[in-house]
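Residue numbers (the numbering used here), protein chains in the order written: chain R, 1 to 740; chain H, 1 to 110.
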């Protein structure tokens, strides 16, 4: 059996290297037209292959190639990194001259057909789901925490019933184990992670890429379960409107405004200024427990970025961002009486400043070669009063990275070499106990990519970083893909990760309870292995296209900071993992075009997450083992109306031992399962769009989310046992206006 | 919820059982993706137009329209008012001046 499998694998590996022997050869030359030199320049290492076959060659030093002739009418593909592919129908084996056109950027191939709002590339060896603007607009509103509503891969849920803090889960694990990036710069790290999702306004985003599993070593050692990368609207891009305005209002009086202006100077400089503000100050207490259902919230968010393109070989970007966010919640109290000993009040403020710079150098004669430099500096100030518990922190970070990218001989062998440095200074105070954590982490990495045509790709990388406290961190990672056919792709990934935990900040919601927080030992860095498989099949039923995608991922922790709510009811213990901790995630997703402009997405996910709590292996609390999603999108033929409907089913979740509520008794061991339904309608006018919709249409809420809400200062108060929606049905309206 | 499903159903039926339509192909002066987007969007708001698609390679707009509500000449005039030529008709100069940069190469107003 094993031998058979081995033989099959061996056969597969040999067979796509084998070249059929045919006497007739097709010879030709591949060049590019160099505008500055007014002449053709040969392209070395370009891929030349027959479409839907395994026969391919590379051009030599002067751009010449020779490939066995495949018969009249065969299609020949010529591709090269940095250039647009060319496909030619070959009639006879006479000498062929091919001029490739440079792609302005590495764009996906332009297709006439309307693209889905979520796409999975067939070229990328990583398992990446791309959510483009159409998908982002489906969300009610206005920030990253809501953008995943129509996506099955990422769950977003409230962590407690008072602060409004949200947590994402990827592959069944908390968002602290995935890496959030903005344009490939790690962002919202450490203390910013808690509210960071709400600091990225929806209308600023161009697209979101979700990478599942171990990513590239180029982005650091931190991501365990995957990466979420945000691309903002870019000033240099034509499709970005010159002016954009979005107004949004909810029946609960939440109002938001998003706007941006773009300006192009000469041909080289361009800039964009973006602003976001939201304001919510209505007191809502539908469950009549004396607490705000949602905290009051005020946010101001400003972003200015610049782009410089020399027109030849230099491209530079830099930008500045400023965020001020305030949340006020907890027990409802008179305006003139804010005595924190009388009322349980939550007061959270975030102030954040970011600056970044990027400098890219390309080599016009060598389109496969480039140098990229990134610097980013952030300052974050978090002040949180949650009842009588207090966590204040200031974090300063510096991030620097340089990457050199080139090829060995031809573009079948690409490599990246990089150096980086990460500085983190965290000064915090937990219940008036100050501490300082300073981290210096210089590092370097190397990554090699082997490609065989567009069929097989293998990326292997390793990075070494030196941490001032934990010494050497070695991170090996590998991923790849194999196309069985053009439409059937297998991807795999595996790799290690390393992360320094922020015990309080990572678990800030735990403060919203009278449970004692006890750090049993000093937290050690968290280390884990993650490996996974993905199989994607594209197909068409008549003229309707569909995709089916199956994922299987596993995370095994070597060390993890365990937050133990099982062992004792009135104490939350923090200690290092002693035993096993792992997460197994399986997902199947179907995207199907039912007819023109009508699409359906069906998905089912199973997450098994377990860890060792005080010697016993237990299911991780507050994780829905089963989850299913259905999304239907419909657009009228003239594109004047858009409809979107989402139904999510979330299975039961394991709960921990908690206090007995005097009125409502003990919590059960498992939460009930529930449905959440959202819908949206958009009407497109000639110069603007209006939209309206409703979230949580079924109005399903967790009753009594707070245990002993009437006695917040007693020893048996807990607002952290939240398993379902805390907000009821919401109805909203909005307007979008843009000038191209 | 029920209402929404009904609405979707209703829209589906109305678009399936649509009125008598004619097809018109107009040569026009499109140059880039932005021109294509502009014509397709703006033209879709003209009376009687069911759908329209711009082909950048052939520089043609294929328009499906309701013959009871509009006619080929009205459609051509509508295209010129967006800022592009339509068969023998020249682009409206005022509209042309407002087009995105890549659609405004000199000589393309006719």
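Glycine included, every Cβ here is placed at the ideal spot set by N, Cα and C.
Neighbouring residues, chain H, relative to residue i (Cβ below 9 angstroms)
{"i": "residue 740 of chain R", "result": "34, 37, 38 and 100"}
{"i": "residue 238 of chain R", "result": "32, 33, 34, 100, 101 and 102"}
Backbone CA spacing between residue i and residue j [nearest angstrom]
{"i": "residue 104 of chain H", "j": "residue 693 of chain R", "result": "39 angstroms"}
{"i": "residue 730 of chain R", "j": "residue 284 of chain R", "result": "12 angstroms"}
{"i": "residue 592 of chain R", "j": "residue 159 of chain R", "result": "34 angstroms"}
{"i": "residue 725 of chain R", "j": "residue 702 of chain R", "result": "6 angstroms"}
{"i": "residue 77 of chain R", "j": "residue 57 of chain H", "result": "21 angstroms"}
{"i": "residue 128 of chain R", "j": "residue 451 of chain R", "result": "18 angstroms"}
{"i": "residue 25 of chain R", "j": "residue 100 of chain R", "result": "22 angstroms"}
{"i": "residue 559 of chain R", "j": "residue 135 of chain R", "result": "37 angstroms"}
{"i": "residue 46 of chain H", "j": "residue 595 of chain R", "result": "25 angstroms"}
{"i": "residue 205 of chain R", "j": "residue 500 of chain R", "result": "29 angstroms"}
{"i": "residue 471 of chain R", "j": "residue 728 of chain R", "result": "49 angstroms"}
{"i": "residue 282 of chain R", "j": "residue 276 of chain R", "result": "20 angstroms"}
{"i": "residue 438 of chain R", "j": "residue 466 of chain R", "result": "14 angstroms"}
{"i": "residue 515 of chain R", "j": "residue 704 of chain R", "result": "18 angstroms"}
{"i": "residue 345 of chain R", "j": "residue 710 of chain R", "result": "13 angstroms"}
{"i": "residue 688 of chain R", "j": "residue 738 of chain R", "result": "7 angstroms"}
{"i": "residue 69 of chain R", "j": "residue 313 of chain R", "result": "38 angstroms"}
{"i": "residue 266 of chain R", "j": "residue 272 of chain R", "result": "15 angstroms"}
{"i": "residue 588 of chain R", "j": "residue 185 of chain R", "result": "30 angstroms"}
{"i": "residue 612 of chain R", "j": "residue 446 of chain R", "result": "35 angstroms"}
{"i": "residue 294 of chain R", "j": "residue 96 of chain H", "result": "50 angstroms"}
{"i": "residue 628 of chain R", "j": "residue 296 of chain R", "result": "32 angstroms"}
{"i": "residue 723 of chain R", "j": "residue 673 of chain R", "result": "9 angstroms"}
Pair within 9 angstroms by beta-carbon distance, residue i and residue j
{"i": "residue 609 of chain R", "j": "residue 582 of chain R", "result": "yes"}
{"i": "residue 146 of chain R", "j": "residue 162 of chain R", "result": "no"}
{"i": "residue 398 of chain R", "j": "residue 421 of chain R", "result": "yes"}
{"i": "residue 358 of chain R", "j": "residue 322 of chain R", "result": "no"}
{"i": "residue 520 of chain R", "j": "residue 566 of chain R", "result": "no"}
{"i": "residue 189 of chain R", "j": "residue 197 of chain R", "result": "no"}
{"i": "residue 213 of chain R", "j": "residue 482 of chain R", "result": "no"}
{"i": "residue 144 of chain R", "j": "residue 200 of chain R", "result": "yes"}
{"i": "residue 28 of chain R", "j": "residue 412 of chain R", "result": "no"}
{"i": "residue 517 of chain R", "j": "residue 571 of chain R", "result": "yes"}
{"i": "residue 454 of chain R", "j": "residue 187 of chain R", "result": "no"}
{"i": "residue 268 of chain R", "j": "residue 303 of chain R", "result": "no"}
{"i": "residue 21 of chain H", "j": "residue 67 of chain H", "result": "yes"}
{"i": "residue 75 of chain H", "j": "residue 39 of chain H", "result": "no"}
{"i": "residue 225 of chain R", "j": "residue 553 of chain R", "result": "yes"}
{"i": "residue 768 of chain R", "j": "residue 442 of chain R", "result": "A question about residue 768 of chain R goes unanswered here, because the residues of chain R that appear run from 1 up to 740."}
C-beta neighbour in chain H for residue i, strict 9 angstroms
{"i": "residue 640 of chain R", "result": "yes"}
{"i": "residue 105 of chain R", "result": "Confidence is the limiting factor: at residue 105 of chain R the pLDDT is only 36, short of 50, which leaves the residue's position unreliable, though a coordinate-based value still follows. No, no contact with chain H."}
{"i": "residue 243 of chain R", "result": "no"}
{"i": "residue 268 of chain R", "result": "no"}
{"i": "residue 261 of chain R", "result": "no"}
{"i": "residue 675 of chain R", "result": "no"}
{"i": "residue 720 of chain R", "result": "no"}
CB contact below 9 angstroms: residue i versus chain R
{"i": "residue 96 of chain H", "result": "no"}
{"i": "residue 50 of chain H", "result": "yes"}
{"i": "residue 92 of chain H", "result": "no"}
Chain R contact residues for residue i, given Cβ-Cβ distances below 7 angstroms
{"i": "residue 29 of chain H", "result": "Within 7 angstroms Cβ-Cβ: nothing; residue 29 of chain H doesn't reach chain R, min ~18 angstroms."}
Any chain B beta carbon closer than 9 angstroms to residue i
{"i": "residue 44 of chain H", "result": "No chain B appears in this structure, whose protein chains are R and H."}
Within chain H, the residues that residue i reaches when beta carbons sit closer than 8 angstroms
{"i": "residue 686 of chain R", "result": "41, 42 and 45"}
Unbroken beta strand (DSSP E) runs of length 3 or more, entirely within the stretch 150–191 of chain R: which are they? Complete beta strand (DSSP E) runs here, min 3: 154–158, 166–170 and 178–182.
Let me know the beta strand (DSSP E) ranges lying completely inside the stretch 530–578 of chain R, each 3 residues or longer, listed in chain order. 544–559, 561–564 and 571–576
Could I get the ranges of all uninterrupted beta strand (DSSP E) runs contained in the stretch 212–258 of chain R, with 3 residues as the minimum, in chain order? 226–232 and 243–250
Counting only runs that start and end within the stretch 606–662 of chain R, where is the beta strand (DSSP E) found for 3 or more residues in a row? Runs of the beta strand (DSSP E) inside the stretch 606–662 of chain R: 616–619, 626–635 and 641–650.
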